[in-house]
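Chains as they are written, first to last, in our numbering: chain A, 44 to 156; chain B, 87 to 200. Every residue gets a Cβ at the ideal spot worked out from N, C-alpha and C, and that includes glycine. First up is the structure itself, then whatever we jot down about it.
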């Protein structure tokens, strides 16, 4: 069965500092990987996705993520965090041809002044 | 192009009652999936509908049921509500006929069971 682990429940980053959110997955085939962001009481917005090809993918709002098959990881990064980035971030894994997703438990990002 | 819309946005029900949540898929999308997100947790897959047929189900009891209509909109029905059913219910649509399996989410329905 597929699974996603986000080891950090909360992360606090100073505004302007760099950010890395960790995601490890377990999946028996080539995974489709996603990062979503959720503001309080809202739905999920897709930040970026990896299906194949270049292992470094660029997303919206200045985010990027790197797929490392050897480490079963898909970490999310941003070089300079803005206060508006404070939200909950979810990593998810899916399968080719199927749109059902398995999510991690999420990482809450707090941005300090 | 309209996005995924869900109704209602908030709902309060009493334990033992039944509830119906609604979802309109994004234009051109023929697949709808439903997820339950309990407080402090990631979304969990309930089931998926493709061309009006259930096309996969997560670990949820039969009192969670659904429908998809010819226009690809969908309903989630929950019978005999329990307190633990309190959660944000998210609907997602996607174009199943494409190899791109990206799912687009609605804003969710917040269900509170008292």
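For residue 189(B) and chain A, any beta-carbon pair shorter than 8 Å?
For the purposes of this step, residue 189(B) is taken as residue 103 along the second chain, with counting starting at 1. Residue 189(B) counts as touching chain A.
Any C-beta of chain A sitting closer than 8 Å to the C-beta of residue 152(B)?
As a working note, residue 152(B) is residue 66 in the second chain. Chain A contact via Cβ: absent.
Report yes or no: do the segment 90-106 of chain B and the segment 121-138 of chain B share at least 3 C-beta pairs separated by less than 8 Å?
Segments in contact, no.
Just to confirm my understanding: we take residue 135(A), look at its own chain, exclude 5 residues before and 5 after, and list those with CB closer than 6 Å. What are they?
Counting from 1 along the first chain, the entry for residue 135(A) is found at position 92. Closer than 6 Å at the Cβ level, and outside the excluded window around residue 135(A), lie 77, 144, 146.
Using only the alpha-carbon positions, how far apart do residue 107(A) and residue 155(A) sit?
By one-based count along the first chain, residue 107(A) stands at place 64. By one-based count along the first chain, residue 155(A) stands at place 112. The straight-line gap from Cα to Cα measures roughly 21 Å.
For residue 131(B), which residues in chain A fall below 8 Å Cβ to Cβ?
Position 45 of the second chain, counting from 1, holds the residue named residue 131(B). Those within 8 Å of residue 131(B) in chain A are 143, 144, 145.
Starting from the Cα of residue 134(B), find the closest Cα among 158(B), 113(B), 94(B) and give me that residue.
Start at 1 with the first residue of the second chain, and residue 134(B) comes out as number 48. It is 158(B).
Have a look at residue 180(B) and residue 167(B) and give me their C-alpha separation to the nearest angstrom.
As a working mapping, residue 180(B) is identified with position 94 in the second chain. As a working mapping, residue 167(B) is identified with position 81 in the second chain. One C-alpha to the other measures close to 28 Å.
Could you run through the segment 87-99 of chain A and flag, in chain order, every residue whose CB is less than 9 Å away from some CB of chain B?
Going along the segment 87-99 of chain A in chain order, one finds 87, 88, 89, 92, 94 with a Cβ nearer than 9 Å to chain B.
Here's a check: name, in chain order, each residue in its chain whose Cβ is nearer than 6 Å to the Cβ of residue 72(A), leaving out the five neighbours to either side.
If you number the first chain from 1, residue 72(A) lands on position 29. Around residue 72(A): no qualifying Cβ.
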